[in-house]
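Just so you know, the sequences run in chain order A and B.
Per the numbering used here, the first sequence starts with residue 450, numbered consecutively.
Per the numbering used here, the second sequence starts with residue 450, numbered consecutively.
Note that the Cβ used here is the ideal one computed from N, Cα and C, for glycine as well.
Note sheet for the following structure.
There are 2 protein chains.
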Amino acid sequence: MTDTRSFISDPKELRAQIRAGRFTGPTAGHGGEALQANLVILPGDDARDFLMFCQANPRPCPLLAVGEPGNPTLPTLGDIDLRTDLPRYCLWRDGALVAEPADIADLWREDMVSFALGCSFSFEDALTRAGIPVRHQDAGRNVPMYRTNMPTRPAGRFSGPVVVSMRPMPAADAIEAIAICQRFPLAHGMPVHLGDPAQIGITDIDRPDYGDAPDIRPGDIPVFWACGVTPQAAIVAARPALAITHAPGHMLVTDVPSSHAARRLTGVQPL
Amino acid sequence: MTDTRSFISDPKELRAQIRAGRFTGPTAGHGGEALQANLVILPGDDARDFLMFCQANPRPCPLLAVGEPGNPTLPTLGDIDLRTDLPRYCLWRDGALVAEPADIADLWREDMVSFALGCSFSFEDALTRAGIPVRHQDAGRNVPMYRTNMPTRPAGRFSGPVVVSMRPMPAADAIEAIAICQRFPLAHGMPVHLGDPAQIGITDIDRPDYGDAPDIRPGDIPVFWACGVTPQAAIVAARPALAITHAPGHMLVTDVPSSHAARRLTGVQPL
């Protein structure tokens, strides 16, 4: 079991410590019930194309908030300065990872647009509360993720396959999980597939393309959700001159309750 | 395709024709958008036990309305006289079918209690509207139904296995179907199983215990819903001295819109 006493449950306090350089690690378990998000920052035309890509592919790319060009805040999600309030960033040039800085104040430009995308934490919390097993968490592993033969809808320079995460569970739990996830369009929403992995182009369920090997118990069926790796993979493949993202596991922690992933936060139609 | 011009779409007009003896056939397709229901009538202690059985097993036995003892009306469902307003009834004595009368006015007693139970018509309509295939309808067959190894929760003299209906469909449609059926707790609600039939004690999917053989297409997975045959089988097995039900396909047609199966109509907690 995790030692909850070492966690910083107040998201404002957590971001203050991150900003001051006193918190540098992964955010899982911190911030109490606060919604955590994937961050993508792109300049100019790349930002416009990426916005269209997210709107065309809401299951893998659920938009929580989009910043104004040049403005490093996302006021609907909290009192956030995106240049300093994440513990670690990834800096990409021409699709290659070139640095993992602790802040991006020196990199900020007036044509940069920020995108906060929902992640699976919100619905995994809801599944756990409903008594549905989340096997990779129970095993202390990362969720298994797979490239599929399902294409995203291309937009501008962004395209590529849908990447899915997989959670194995008994069929009766899968039915309940679908009902629960219907309420979380901003956390990838309902699964996109269940049952036979070959139907979506997965040839070996035990060898995921990302994350750790699955823990599939007798009687489990695999249930597949669209995954936030989808936009990351599309960005890397599109080789934009410049892109900034959160570093894996080092998320944007908002002031919004995690349960609000069940609602629309922006004017963008999430599903 | 069915010739819709021959259907009576007004439920009040349909019941008037039934009451006058001018309409004697199955009710499928008639009554427009009106909710149709299974009918069970039991006297005295058997009624009390059956009410408890329905409350304990809301997925197979979704209670739309329960009559007052001796009162053959169900005012929350419309201006209905249960003694005359169904085209055909089944009369059971000691668990054996002894007659199929066109009305039950002579059989009515002051200790009789009526139960209207939701049926699958409501959610099948919703699936069709969502573009989800309902294969047995497309094939002009009855839905396949199976006895399972899942027990109902016993109440008084009533017990027995859950009987399920099965609709095969692609996995992505199954996910949408689950989300849709979550809104229809009074039409059996969400599926109770999907995938491997053996997990719920079904040994040969091509040989149902009731209804017609399934039409399973390549890529389909079987999806199983609790079925209104469950209470019928429990009543026959319990061998009450007297029971009256609707005759198969000759349903109670109400004045309530079919979409209201997405709501609670009674004080009884349906799920």
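Just tell me which of B/P518, B/L546 and B/A662 has its CA closest to the CA of B/Q586. Taking only the C-alpha atoms, the option nearest B/Q586 is B/A662.
Open item on the list: Taking its Cβ as the centre, do 16 or more other Cβ atoms sit within 10 Å of B/S458, making it buried, or is it exposed?
Closed with: Its Cβ having fewer than 16 others within 10 Å, B/S458 is exposed.
A/T577: buried (16+ other C-beta within 10 angstroms of its C-beta) or exposed? Exposed, since its Cβ has fewer than 16 Cβ neighbours within 10 Å.
Neighbourhood of A/A667 by C-beta distance below 8 Å, restricted to the same chain and skipping five residues each side:
For the sequence presented, residue 667 of chain A should be read as Pro rather than Ala. Same-chain partners within the cutoff: there are none.
Worksheet item: Using DSSP with H/G/I as helix, E/B as strand and the rest coil, what is B/S455?
Response: In this structure, B/S455 counts as helix in the three-state DSSP scheme.
What number of angstroms, rounded off, separates the C-alpha of B/A486 from the C-alpha of A/T679?
C-alpha separation (whole angstroms): 46 Å.
Let's see if you can read the secondary structure: which residues bound the beta strand (DSSP E) around B/R606?
From DSSP, B/R606 is part of no beta strand (DSSP E); its letter is neither H nor E.
- In or out: B/L512 buried (at least 16 other Cβ within 10 Å) or exposed? B/L512 should be labelled buried.
Tell me whether the beta-carbon of A/V402 lies closer than 9 Å to the beta-carbon of A/A626. The shown model of chain A, from 450 to 720, leaves out residue 402 of chain A, and the question about it has no answer.
With DSSP collapsed to three states, give me the class of A/M639.
Here DSSP, grouped into helix, strand and coil, assigns A/M639 to coil.
* First and last residue of the alpha helix (DSSP H) that includes B/R508? -> The continuous stretches of alpha helix (DSSP H) do not include B/R508, and DSSP gives it neither H nor E.
Check: From A/Q504 to A/P697, what distance separates their C-alpha atoms?
Finding: Distance between the alpha carbons of A/Q504 and A/P697 is about 23 Å.
Check your understanding: Nearest-angstrom Cα distance between A/L635 and A/L491?
Key -> Spanning the two alpha carbons is a distance of roughly 21 Å.
Short CB-CB distance (under 9 Å) between A/I627 and chain B | Yes, its Cβ sits closer than 9 Å to a Cβ of chain B.
**Request:** Throw me the rounded Cβ distance for the B/V612 and B/R632 pair, which I believe falls under 8 Å.
**Result:** Contact between B/V612 and B/R632 does not hold, since the beta-carbon distance rounds to 23 Å and is not under 8 Å.
Count the other C-beta atoms from every protein chain shown that fall within 10 angstroms of the C-beta of A/E573, then say buried if there are 16 or more, exposed otherwise. With 16 or more Cβ atoms within 10 Å of its Cβ, A/E573 is classed as buried.
Residues of chain B with CB under 7 Å from A/G668, in chain order? Think of a sphere of 7 Å around the beta carbon of A/G668: the chain B residues whose beta carbon falls inside it are Q648, in chain order.
request  = Quick one: residues in its chain with C-beta nearer than 6 Å to the C-beta of A/A575, no 5 flanking neighbours on either side, listed in chain order?
outcome  = Closer than 6 Å at Cβ, skipping near neighbours: I629.
Check whether the Cβ atoms of A/P617 and A/D664 lie closer than 9 Å to each other.
A Cβ-Cβ contact shorter than 9 Å links A/P617 with A/D664.
- Item | B/L643 at chain A interface by Cβ criterion, 9 Å | Taking Cβ atoms only, chain A reaches closer than 9 Å to B/L643, which makes this a yes.
Just reading off the beta strand (DSSP E) that A/Q485 is part of, what are its end residues? Segment A483 to P492, the beta strand (DSSP E) holding A/Q485.
ask   = Mind checking if A/P640 is an interface residue toward chain B, Cβ cutoff 9 Å exclusive?
value = At least one beta carbon of chain B lies nearer than 9 Å to the beta carbon of A/P640.
Identify every residue that forms a DSSP beta bridge with A/F564.
A/F564 has A/V489 and A/V515 as its beta-bridge partners, per DSSP.
inquiry  = Using the Cβ count rule (16 or more neighbours within 10 Å means buried), how would you classify A/D622?
reply    = Buried, by the Cβ-count rule.
Notebook entry, point to check: Mind checking A/A588: buried by the 16 CB within 10 Å criterion, or exposed?
Noted result: By the neighbour-count rule (16 or more Cβ atoms within 10 Å), A/A588 is not buried but exposed.
- Task: Could you name the residues of the same chain whose beta carbon sits closer than 7 Å to that of A/E462, not counting the 5 residues immediately before and after it, in chain order?
- Result: Nothing meets the Cβ criterion.
- Does any residue of chain B bring its CB to less than 9 Å from the CB of A/P719? Unreliable positioning characterises A/P719 in this predicted model, as indicated by a pLDDT of 33, which lies under 50. The coordinate reading is nonetheless provided below. With 9 Å as the cut-off, A/P719 does not count as an interface residue toward chain B.
Checklist entry - Which bits of chain A does B/I624 rub up against, with CB to CB less than 8 Å? => result For B/I624, the chain A residues whose C-beta falls within less than 8 Å of its own C-beta are I627, M639, P640, V641, H642 and L643, listed in chain order.
Handout entry: Between the CA atoms of A/L526 and A/F564 - distance to the nearest angstrom
Key = Between A/F564 and A/L526, the C-alpha separation is close to 11 Å.
Q) What are the start and end residues of each continuous beta strand (DSSP E) run of 3 or more residues lying completely inside the region 538-587 of chain B, in chain order? A) Those beta strand (DSSP E) runs which fall completely within the region 538-587 of chain B and span 3+ residues are 538-542, 545-548 and 561-567.
Buried versus exposed, by CB contacts within 10 Å (16 or more), B/S455 = Looking at its Cβ environment, which holds fewer than 16 other Cβ atoms inside 10 Å, B/S455 is exposed.
- Message: Please return the same chain residues whose Cβ sits closer than 8 Å to the Cβ of B/T473, not counting the five positions on each side in sequence.
- Response: Excluding sequence neighbours, B/T473 sits near I467, P536, R537 and A551.
### Start and end residues, alpha helix (DSSP H) containing A/D622
In the DSSP assignment, A/D622 falls within the alpha helix (DSSP H) that extends over A620 to C630.
Q. Can you name the residues of chain A whose CB is closer than 8 Å to the CB of B/A621?
A. Residues of chain A passing the Cβ test: V641 and H642.
task = Could you say which of B/D495, B/M501, B/G660 and B/H642 lies nearest to B/D721 if we only look at CA atoms?
result = Here chain B comprises residues numbered 450 to 720, so residue 721 of chain B is not present and cannot be evaluated.
| said: What does DSSP give as the partner residue(s) for A/I693 in the beta ladder? | reply: BP columns for A/I693 point to A/I490 and A/L540.
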